[in-house]
Amino acid sequence: MKKKNWFYLILLLTFVALLWGVVYYVRPLYQMYRALKTPPPATAPVSPAPEETKLLQNRYYNFLLYGVDAGEWVKGSYRPGKGRADTIVLLQLDLEERTVAMLSIPRDTLVEIPGYAGTDKINHAYAFGGSELLLGTVEQFTGIPVDYYLEVNYTLFRDVVDALGGLEFEVDRTIKARGLTLEPGLQ
């Protein structure tokens, strides 16, 4: 086989391998997105029992869970102001099927933010307008209404860890980083 033919064969195989990798990675994400966006099938209305709470009257509930890089840090303030939403997860709870579907939205996803011209990263919506603008942006981007949300910042994360009894870990050598020093031993 000539050198030129080898080159084209290798180029073709590389393209096929890349295409397979993209399909292998993107297909599950697309299926999850499609499952979240698919409206629930029409069912005959059923009158709820009087003792049922409002939370249990619907079949589907959509939650937006997001972590922001704001909140009080160990020594002083880590980031003053609102910060940005670094982790964004849309979660759908199906009470009838007893299933949960989750869609992680990468923080660098370019979207149209309501009230702002052009496109910007989805995590900037929180910095521009807090929870309300982030929820509106996610709803507009996905077409899925958000029923409830949970915002986690450094302070809440620390408080939850403390409420659960803290976190212990073993340090095998001295670690120094950004003004913090950890000596060997149980921390």
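Just so we're aligned: the sequence shown equals residues 1304 to 1490 in this note's numbering.
Glycine included, C-beta positions come from ideal geometry on N, C-alpha and C.
For Pro-1487, the CB contacts under 8 Å within the same chain, skipping 5 residues up- and downstream, are Val-1474, Asp-1475, Arg-1476, Thr-1477 in chain order. If you draw a 10 Å sphere on the C-beta of Val-1371, you find 16 or more other C-beta atoms in it, and that means buried. Under the three-pair Cβ rule at 8 Å, the segment 1395-1407 does not count as touching the segment 1459-1469. For Gln-1395, DSSP records a beta bridge to Asn-1365, Ala-1404. The three-state reading of DSSP puts Tyr-1451 in strand, counting E and B together. Measuring C-alpha to C-alpha distances from Ser-1407 to each of Val-1441, Phe-1472, Tyr-1451 identifies Val-1441 as the nearest. With a beta-carbon spacing of about 11 Å, Leu-1367 and Tyr-1429 fall beyond the 8 Å limit used to define contacts. Beta-bridge partners of Gly-1488 (DSSP): Val-1474.
Rounded to whole angstroms, the gap between the alpha carbons of Gly-1432 and Val-1319 is 44 Å. Between Asn-1365 and Ile-1391, the C-beta gap is not smaller than 8 Å, which leaves the two residues out of contact. For Leu-1436, the uninterrupted alpha helix (DSSP H) run begins and ends at 1427-1445, by DSSP.
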